[in-house]
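Undergrad: So that we are looking at the same thing, I have put the structure below in C-alpha coordinates.
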Amino acid sequence: MKKRLFIALLVNFYFVGQLFAQLFGGHLKPSDAAYPPGTVHCNPKARTAVVEVTSPGTGRAWMDRNLGAERAAISSTDDLAFGDLYQWGRGADGHQCRNSGTRSTLSSSDKPGHGDFILVPGTSTTDDWRNPQSNSLWQGVNGINNPCPIGFRIPTEPEFRQERLTWTSNTSAGAFNSVLKLPLAGFREQTGVISLVAEGSPYGFIWSSTVGSGATSNRAEAFAYYPDRAYENPYTRARGYSVRCIKN
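Our numbering numbers the first residue of the sequence shown as 2 and each following residue consecutively.
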(Lines of atoms letter the chains of each structure in order from A and count residues from 1; the text may use other names and numbers.)
(Lines give C-alpha, C1' and ligand atoms only; values in the text may rest on other atoms or scores of the structure.)
Protein backbone atom coordinates (compact mmCIF):
# COMPACT_ATOMS: atom_id res chain seq x y z
CA MET A 1 0.00 0.00 0.00
CA LYS A 2 2.81 2.38 0.96
CA LYS A 3 4.67 1.52 -2.26
CA ARG A 4 1.62 2.31 -4.40
CA LEU A 5 1.12 5.61 -2.58
CA PHE A 6 4.78 6.53 -3.13
CA ILE A 7 4.54 5.78 -6.86
CA ALA A 8 1.33 7.82 -7.15
CA LEU A 9 3.01 10.77 -5.45
CA LEU A 10 5.96 10.57 -7.84
CA VAL A 11 3.66 10.53 -10.87
CA ASN A 12 1.68 13.53 -9.57
CA PHE A 13 4.90 15.42 -8.84
CA TYR A 14 6.10 14.78 -12.40
CA PHE A 15 2.95 16.10 -14.03
CA VAL A 16 2.81 19.15 -11.74
CA GLY A 17 6.42 19.86 -12.67
CA GLN A 18 5.55 19.62 -16.35
CA LEU A 19 2.68 22.08 -15.90
CA PHE A 20 4.88 24.61 -14.08
CA ALA A 21 7.54 24.28 -16.76
CA GLN A 22 5.00 25.30 -19.38
CA LEU A 23 3.39 28.10 -17.41
CA PHE A 24 6.51 29.66 -15.90
CA GLY A 25 9.32 29.85 -18.39
CA GLY A 26 8.53 27.22 -20.97
CA HIS A 27 11.60 25.11 -20.23
CA LEU A 28 9.62 21.97 -20.87
CA LYS A 29 11.41 19.93 -23.52
CA PRO A 30 8.70 18.35 -25.67
CA SER A 31 9.58 15.46 -27.92
CA ASP A 32 10.33 16.06 -31.59
CA ALA A 33 7.05 14.29 -32.36
CA ALA A 34 5.25 17.56 -31.55
CA TYR A 35 7.03 19.24 -34.46
CA PRO A 36 7.35 18.33 -38.16
CA PRO A 37 10.04 15.74 -39.00
CA GLY A 38 13.44 17.31 -39.55
CA THR A 39 12.73 20.41 -37.41
CA VAL A 40 15.94 22.12 -36.31
CA HIS A 41 15.66 23.56 -32.80
CA CYS A 42 18.02 26.50 -32.36
CA ASN A 43 18.28 25.79 -28.63
CA PRO A 44 17.76 22.03 -28.25
CA LYS A 45 18.01 22.26 -24.45
CA ALA A 46 15.07 24.68 -24.29
CA ARG A 47 12.78 23.75 -27.14
CA THR A 48 9.66 25.83 -27.51
CA ALA A 49 6.91 24.33 -25.36
CA VAL A 50 3.51 24.02 -26.99
CA VAL A 51 1.22 25.97 -24.66
CA GLU A 52 -2.17 27.18 -25.89
CA VAL A 53 -3.98 30.39 -25.05
CA THR A 54 -7.49 31.27 -26.17
CA SER A 55 -8.27 34.77 -27.37
CA PRO A 56 -11.23 36.26 -25.47
CA GLY A 57 -11.93 38.49 -28.47
CA THR A 58 -12.01 35.95 -31.28
CA GLY A 59 -12.19 32.61 -29.49
CA ARG A 60 -9.22 31.32 -31.47
CA ALA A 61 -6.50 29.19 -29.88
CA TRP A 62 -2.88 30.28 -30.38
CA MET A 63 0.51 29.26 -29.10
CA ASP A 64 1.37 31.56 -26.20
CA ARG A 65 4.89 32.28 -27.51
CA ASN A 66 6.82 32.73 -30.75
CA LEU A 67 8.48 29.75 -32.37
CA GLY A 68 11.95 29.45 -30.89
CA ALA A 69 11.04 31.31 -27.70
CA GLU A 70 11.89 29.83 -24.32
CA ARG A 71 8.83 31.31 -22.63
CA ALA A 72 5.83 33.54 -23.06
CA ALA A 73 6.90 37.19 -22.86
CA ILE A 74 6.95 38.84 -19.45
CA SER A 75 7.71 42.24 -21.02
CA SER A 76 7.90 43.74 -24.51
CA THR A 77 11.69 43.49 -24.38
CA ASP A 78 11.98 40.00 -22.89
CA ASP A 79 14.70 38.47 -25.06
CA LEU A 80 13.86 34.93 -23.92
CA ALA A 81 10.52 35.43 -25.66
CA PHE A 82 11.87 36.83 -28.95
CA GLY A 83 12.24 33.48 -30.69
CA ASP A 84 13.51 32.80 -34.20
CA LEU A 85 13.38 34.81 -37.44
CA TYR A 86 12.00 32.99 -40.49
CA GLN A 87 12.23 33.86 -44.16
CA TRP A 88 8.71 33.65 -45.52
CA GLY A 89 7.77 30.13 -46.60
CA ARG A 90 10.86 28.33 -45.31
CA GLY A 91 10.75 25.43 -42.90
CA ALA A 92 12.60 25.15 -39.61
CA ASP A 93 15.85 24.05 -41.28
CA GLY A 94 18.16 26.17 -39.10
CA HIS A 95 18.13 29.36 -41.17
CA GLN A 96 15.74 30.87 -38.62
CA CYS A 97 18.36 30.79 -35.84
CA ARG A 98 19.62 34.27 -35.08
CA ASN A 99 23.21 33.05 -35.32
CA SER A 100 22.76 31.02 -38.50
CA GLY A 101 25.25 31.20 -41.34
CA THR A 102 24.47 32.99 -44.58
CA ARG A 103 24.89 32.36 -48.30
CA SER A 104 24.01 34.29 -51.44
CA THR A 105 22.82 31.52 -53.76
CA LEU A 106 19.05 31.55 -54.22
CA SER A 107 17.13 28.28 -53.89
CA SER A 108 15.35 26.76 -56.89
CA SER A 109 13.30 24.45 -54.65
CA ASP A 110 11.01 24.67 -51.62
CA LYS A 111 13.67 23.10 -49.42
CA PRO A 112 17.09 24.68 -49.94
CA GLY A 113 18.88 21.69 -48.42
CA HIS A 114 20.87 23.73 -45.89
CA GLY A 115 20.32 25.84 -42.78
CA ASP A 116 21.80 29.14 -43.95
CA PHE A 117 19.90 32.41 -44.16
CA ILE A 118 19.76 33.23 -47.89
CA LEU A 119 20.97 36.73 -48.65
CA VAL A 120 19.14 38.71 -51.32
CA PRO A 121 20.55 41.98 -52.70
CA GLY A 122 18.43 45.11 -52.82
CA THR A 123 18.67 44.99 -56.61
CA SER A 124 16.61 41.80 -56.76
CA THR A 125 13.39 42.03 -58.76
CA THR A 126 11.48 39.75 -56.38
CA ASP A 127 13.31 40.10 -53.04
CA ASP A 128 12.73 36.41 -52.45
CA TRP A 129 15.04 33.61 -51.29
CA ARG A 130 13.41 31.27 -53.83
CA ASN A 131 13.72 31.56 -57.61
CA PRO A 132 11.22 31.12 -59.11
CA GLN A 133 8.83 32.27 -56.42
CA SER A 134 6.17 29.96 -55.02
CA ASN A 135 2.84 31.01 -53.51
CA SER A 136 2.13 27.46 -52.30
CA LEU A 137 4.33 27.64 -49.20
CA TRP A 138 2.89 27.80 -45.65
CA GLN A 139 -0.69 27.37 -46.89
CA GLY A 140 -2.67 25.62 -44.16
CA VAL A 141 -1.85 23.04 -41.51
CA ASN A 142 -0.61 20.62 -44.19
CA GLY A 143 1.09 23.37 -46.17
CA ILE A 144 4.58 23.02 -47.60
CA ASN A 145 7.25 23.89 -45.01
CA ASN A 146 4.77 24.59 -42.21
CA PRO A 147 7.15 25.02 -39.22
CA CYS A 148 4.43 24.94 -36.55
CA PRO A 149 3.80 22.05 -34.15
CA ILE A 150 1.40 19.35 -35.28
CA GLY A 151 -2.16 20.75 -35.36
CA PHE A 152 -0.97 24.36 -35.70
CA ARG A 153 -0.29 26.53 -38.73
CA ILE A 154 0.81 29.99 -39.83
CA PRO A 155 -2.16 32.39 -39.41
CA THR A 156 -3.63 34.31 -42.31
CA GLU A 157 -3.53 38.09 -42.57
CA PRO A 158 -7.30 38.40 -41.85
CA GLU A 159 -6.86 36.30 -38.70
CA PHE A 160 -4.19 38.69 -37.42
CA ARG A 161 -6.38 41.68 -38.26
CA GLN A 162 -9.32 40.18 -36.37
CA GLU A 163 -7.11 39.78 -33.29
CA ARG A 164 -5.72 43.30 -33.55
CA LEU A 165 -9.18 44.83 -33.67
CA THR A 166 -9.95 43.35 -30.25
CA TRP A 167 -6.95 45.02 -28.56
CA THR A 168 -7.02 48.08 -26.35
CA SER A 169 -4.77 49.97 -28.81
CA ASN A 170 -3.19 49.51 -32.24
CA THR A 171 0.34 49.83 -30.86
CA SER A 172 3.13 47.62 -29.53
CA ALA A 173 1.63 48.17 -26.06
CA GLY A 174 -1.66 46.75 -27.31
CA ALA A 175 0.23 43.83 -28.85
CA PHE A 176 1.91 42.99 -25.55
CA ASN A 177 -1.16 43.58 -23.40
CA SER A 178 -3.17 41.20 -25.58
CA VAL A 179 -3.47 37.50 -24.85
CA LEU A 180 -0.65 36.90 -27.36
CA LYS A 181 1.90 38.92 -25.32
CA LEU A 182 3.81 39.86 -28.48
CA PRO A 183 7.36 41.07 -27.75
CA LEU A 184 9.42 43.57 -29.75
CA ALA A 185 11.54 40.82 -31.27
CA GLY A 186 13.11 42.79 -34.12
CA PHE A 187 13.77 41.38 -37.57
CA ARG A 188 16.48 40.24 -39.96
CA GLU A 189 17.08 42.21 -43.12
CA GLN A 190 17.46 40.34 -46.40
CA THR A 191 21.11 41.39 -46.19
CA GLY A 192 21.45 39.22 -43.07
CA VAL A 193 21.67 42.04 -40.53
CA ILE A 194 19.56 41.60 -37.39
CA SER A 195 18.02 44.74 -35.91
CA LEU A 196 15.75 45.44 -32.96
CA VAL A 197 15.02 48.93 -34.25
CA ALA A 198 13.43 50.15 -37.48
CA GLU A 199 12.63 53.75 -38.41
CA GLY A 200 14.04 54.81 -35.05
CA SER A 201 11.71 52.68 -32.93
CA PRO A 202 11.71 49.14 -31.49
CA TYR A 203 9.77 46.86 -33.80
CA GLY A 204 8.03 43.54 -34.00
CA PHE A 205 7.03 41.66 -37.14
CA ILE A 206 5.02 38.45 -37.44
CA TRP A 207 4.60 36.62 -40.74
CA SER A 208 1.18 35.55 -42.01
CA SER A 209 0.59 32.88 -44.63
CA THR A 210 -1.12 35.37 -46.97
CA VAL A 211 0.72 36.34 -50.14
CA GLY A 212 0.58 39.83 -51.60
CA SER A 213 -1.64 40.83 -54.48
CA GLY A 214 -1.55 43.30 -57.37
CA ALA A 215 1.58 45.45 -57.34
CA THR A 216 2.85 43.61 -54.22
CA SER A 217 2.25 40.06 -55.48
CA ASN A 218 5.95 39.24 -55.05
CA ARG A 219 5.67 39.96 -51.31
CA ALA A 220 3.86 38.37 -48.36
CA GLU A 221 1.65 39.91 -45.69
CA ALA A 222 3.03 40.44 -42.19
CA PHE A 223 1.77 42.03 -39.02
CA ALA A 224 3.94 44.96 -37.84
CA TYR A 225 3.77 46.73 -34.50
CA TYR A 226 5.76 49.50 -32.82
CA PRO A 227 5.13 52.23 -30.23
CA ASP A 228 2.95 54.42 -32.47
CA ARG A 229 0.85 51.93 -34.40
CA ALA A 230 0.17 48.35 -35.46
CA TYR A 231 -0.94 47.26 -38.89
CA GLU A 232 -0.81 44.58 -41.61
CA ASN A 233 1.43 45.19 -44.61
CA PRO A 234 3.17 43.30 -47.45
CA TYR A 235 6.93 42.82 -47.03
CA THR A 236 9.74 41.17 -48.94
CA ARG A 237 9.80 37.42 -48.44
CA ALA A 238 13.56 37.31 -47.96
CA ARG A 239 13.32 39.14 -44.63
CA GLY A 240 13.44 37.22 -41.36
CA TYR A 241 10.38 37.75 -39.14
CA SER A 242 8.92 36.08 -36.07
CA VAL A 243 6.34 33.31 -36.35
CA ARG A 244 3.37 32.80 -34.03
CA CYS A 245 1.24 29.72 -34.70
CA ILE A 246 -2.53 29.41 -34.56
CA LYS A 247 -4.41 26.16 -33.91
CA ASN A 248 -6.08 24.75 -36.96
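Ideal Cβ positions, reconstructed from N, Cα and C, are used throughout, including at glycine.
As the structure is a computational prediction, the values presented were derived from the model and not from experiment.
In terms of residues, what are the limits of the beta strand (DSSP E) holding Arg220?
TA: It spans Arg220 to Tyr227 - the beta strand (DSSP E) in which Arg220 sits, taken as one unbroken run.
Undergrad: Any idea what DSSP makes of Leu138, helix, strand or coil?
TA: strand
Undergrad: Is it true that the CB of Val41 sits closer than 7 angstroms to the CB of Gly94?
TA: The sequence shown places Asp at residue 94, not Gly. Their beta carbons are under 7 angstroms apart, which means Asp94 touches Val41 by this criterion.
Undergrad: Let me check understanding here. Comparing Cα to Cα, which of Ala199, Leu181 and Val180 lies closest to Gly187?
TA: That would be Ala199, whose Cα lies nearest to the Cα of Gly187.
Undergrad: Should Tyr242 and Ser173 be called a contact, given that it needs their Cβ atoms to be closer than 7 angstroms?
TA: no
Undergrad: Let me know if Asp229 comes out buried or exposed under the rule of 16 or more other beta-carbons within 10 Å of its beta-carbon.
TA: exposed
Undergrad: Rounded to whole angstroms, what is the Cα-Cα separation between Pro179 and Arg220?
TA: Correcting the residue identity first, residue 179 is Ser in this sequence and not Pro. If you take the alpha carbons of Ser179 and Arg220, they lie about 27 angstroms apart.
Undergrad: Since I believe Asn67 is in contact with Gly84 (beta carbons under 8 angstroms), could you give me their beta-carbon distance rounded to a whole number of angstroms?
TA: About 3 angstroms separates the two Cβ atoms, so the contact holds.
Undergrad: Report yes if the C-beta distance between Trp130 and Ala239 is below 7 angstroms; otherwise report no.
TA: Ala239 sits close to Trp130, with the two beta carbons spaced by under 7 angstroms.
Undergrad: Given that a residue counts as buried once 16 or more other Cβ atoms are within 10 Å of its Cβ, and exposed if not, what is Ser77?
TA: buried
Undergrad: How is Lys248 classed by DSSP in three states: helix, strand or coil?
TA: strand
Undergrad: Could you give the residue range of the beta strand (DSSP E) that holds Glu160?
TA: No beta strand (DSSP E) contains Glu160, which is instead part of the alpha helix (DSSP H) from Glu158 to Arg165.
Undergrad: Can you tell me which residues form a DSSP beta bridge with Pro235?
TA: Glu222
Undergrad: Leaving out the 5 sequence neighbours to the left and right, which residues in its chain are closer than 7 angstroms to Asn249 when beta-carbon positions are compared?
TA: Val142, Gly152, Phe153 and Arg154
Undergrad: Please classify Arg86: is it buried, with 16 or more other beta-carbons within 10 angstroms of its beta-carbon, or exposed?
TA: A quick correction: the sequence has Leu, not Arg, at residue 86. Its Cβ being crowded by 16 or more others within 10 Å, Leu86 is buried.
Undergrad: Would DSSP call Gly205 helix, strand or coil?
TA: If DSSP states are grouped into helix, strand and coil, Gly205 belongs with the strands.
Undergrad: Just curious, the alpha helix (DSSP H) that Ala82 is in, first and last residue?
TA: Neither: Ala82 is in no alpha helix (DSSP H) and is coded neither H nor E.
Undergrad: On a CA-only basis, which of Gly69, Ser110 and Ile119 is nearest Arg262? Give me that one, please.
TA: This structure leaves residue 262 out entirely; the chain is present only between 2 and 249.
Undergrad: Report the three-state DSSP secondary structure of Gly102 (helix, strand or coil).
TA: DSSP places Gly102 in coil when its eight states are reduced to three.
Undergrad: Return the chain-ordered list of same chain residues with a C-beta closer than 6 angstroms to the C-beta of Asn36, the five sequence neighbours on each side being excluded.
TA: For clarity, residue 36 is Tyr in the given sequence; the question names Asn instead. Same-chain partners within the cutoff: Pro150.
Undergrad: In the DSSP assignment, what are the bridge partners of Arg154?
TA: Ile247
Undergrad: Does the Cβ of Gly114 have 16 or more other Cβ atoms within 10 Å, making it buried, or fewer, making it exposed?
TA: exposed
Undergrad: Would you please state the rounded distance, in angstroms, between the beta carbons of Ser278 and Phe161? I believe it to be under 8 angstroms.
TA: Beyond the ends of the chain as shown, which are 2 and 249, falls residue 278; an answer cannot be given.
Undergrad: Classify Tyr232: buried if its beta carbon has 16 or more other beta carbons within 10 angstroms, exposed otherwise.
TA: exposed
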